[in-house]
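Here the structure comes first, spelled out in structure tokens, and everything after it is commentary.
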Amino acid sequence: MATATSIKLDDALKGRVQHLANARRRSSHWIMREAIAQYVEREEKREAFKQDAIRAWENYQQTGLHVTLEEADVWLAKLEAGEDAEPPKCHV
């Protein structure tokens, strides 16, 4: 169930939202709800990416396992060329 939430916008931003709503034949409410939903989804993905990077860095610091830039480049070039290549093995 949706609940009402209040948001204060300055006059300039409110006007921009209204202008866009008119151009899209949508309500200002719809434009703001869509903008918030897209922002939250994007920021959740960004946070998940950041957490993955932190875990990868911590794992590297503990184990020393890695692939070199050159190894990764060769693998990615094969994938780009359409080859079904296995990723390089991690090493110390």
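First residue of the sequence shown? That's 816 in the working numbering, and the numbers climb one at a time after it.
Just so you know, even glycine gets a beta-carbon here, dropped at the ideal spot from N, CA and C.
This one's a predicted model, so the numbers in the text were calculated from it and none came from an experiment.
Every alpha helix (DSSP H) of 4 residues or more that sits fully in the stretch 837-899 is shown, in chain order, as 843-878 and 884-895.
A straight-line Cα-Cα distance of about 34 Å links Ala817 and Ala868. Excluding five sequence positions before and after Ala900, the CB atoms of its chain that fall closer than 7 Å to its own CB belong to Trp890, Lys893 and Leu894, given in chain order. Burial check for Ile851: the Cβ neighbour count within 10 Å stays below 16, so the residue is exposed.
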